[in-house]
Amino acid sequence: MPPKNTQPKYRQIADYLREGILDGTFPAGQPLPSEEALAKQFGVTRPTVRQGLTELRASGLVEAIMGRGTFARSPHNRPSFTYPRGVRRSPDGQYTKADGIRWNDAEEPTATRTDAPLALADLLRIPPGEPLFTYDALQTADQGRLRQLHRTYVPFSVLLGTKYEETPPPPAPQLYNALAELGHELHFTEYVRTRMPLPDQAQALRLADGVPLLHVLRVTLTAADKPLALEEFHLPGHNLELAFRL
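Take the sequence shown: its letters are residues 1 to 246, numbered as in the UniProt record's numbering.
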């Protein structure tokens, strides 16, 4: 008698579909069995089926298309979106983002005062607790198909003795040109990792359960490598790739 499968039912469903996608039983681009059919096959409820599908969506093996169903994806498929990273400087000295994407703010970002937490203070090379100007924005593009959370931090100490000592500077990317006007020659370093979203981040980015985030930190530095500002980006991690020109 074969050993009894003791894995949770949602994991059994995920394993069954994963094996079928990888061996060609469910060809890439073709619809998978419906939630109703899988629920009947495994003797479970539809929420259990969805939990199994969520596991595959997080690994990029399935894609849900509104009104059409869930489709198999090849593990070799490229993500739906490629997001070029970096900052360019035009011949007239203006700094612009390299992605060429027109991001729209859901609401106009306003500056708030926060104190630098230890991890960000380390990247900015300032004492923990130093005050920062902070901007938060939920941004969308491509008629809402692309979404990102974007936060900008500027230490008060960077702005001492400048016109922005009393009036907050603009958020990034306009911030780059404001810093250049203060006489800084800029360059940038990015740090990229993945993690699971917090509940409010998942809601803002419309992420299904089990889908990870791409967490990007961009530090703006002077020619002498002194940090001037830091940006934090949270992006969906299941259908997006980042491209860097080296």
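Think of the CB as a built atom: it goes at the ideal place given N, C-alpha and C, for glycine as much as any other residue.
query: Helix, strand or coil: how does DSSP classify V49 here?; result: helix
query: Taking its Cβ as the centre, do 16 or more other Cβ atoms sit within 10 Å of P2, making it buried, or is it exposed?; result: With a pLDDT of 49 at P2, under the threshold of 50, the modelled position of that residue is not reliable, and the figure given next carries that caveat. Flag for P2 reads exposed.
query: Can you find the residues in the same chain that come closer than 8 Å, C-beta to C-beta, to V87, ignoring five residues on each side of it along the sequence?; result: Y95, T96, K97, A98, P173, Y176, L186, F188
query: Who does V192 pair with in a DSSP beta bridge?; result: V216
query: Using a Cβ-Cβ distance cut-off of 8 Å, determine whether P155 contacts chain C.; result: Looking for chain C here will not work: only one protein chain is present.
query: So the beta strand (DSSP E) E63 belongs to, where does it begin and stop?; result: 62 to 65
query: Measuring alpha carbon to alpha carbon, tell me which residue in A223, E190, T167, P227 is nearest H215.; result: E190
query: Taking buried to mean at least 16 other C-beta atoms within 10 Å of its own C-beta, is G129 buried or exposed?; result: exposed
query: Comparing alpha-carbon positions, which option in R85, A180, F233, T194 lies nearest A243?; result: R85
query: Taking the continuous alpha helix (DSSP H) assigned at P199, which residues delimit it?; result: 199 to 205
query: To the nearest angstrom, how far is it from the Cα of A208 to the Cα of R147?; result: 14 Å
query: Let me make sure I understand the geometry here. Which of R195, H184, Q201 has the alpha-carbon closest to that of A224?; result: H184
query: Can you check whether the CB of V219 is closer than 8 Å to the CB of L159?; result: no
query: Since R18 and E35 are thought to touch, with beta carbons under 8 Å apart, how far apart are those beta carbons, to the nearest angstrom?; result: About 17 Å; that fails the 8 Å criterion.
query: Helix, strand or coil: which one does DSSP assign to P117?; result: coil
query: By how many angstroms is the C-alpha of L205 removed from the C-alpha of P199?; result: 10 Å
query: Checking 8 Å against the spacing of the C-beta atoms, do P79 and E241 come in under that value?; result: yes
query: Whole angstroms are fine: how far does the CA of L228 sit from the CA of T222?; result: 7 Å
query: Can you give me the Cβ contacts of P31 inside the same chain, cut-off strictly under 6 Å, excluding the 5 residues immediately before and after it?; result: G69, F71
query: Pick from T25, L38, G60: whose alpha carbon is nearest that of K9?; result: L38
query: Which of helix, strand or coil does DSSP assign to F71?; result: strand
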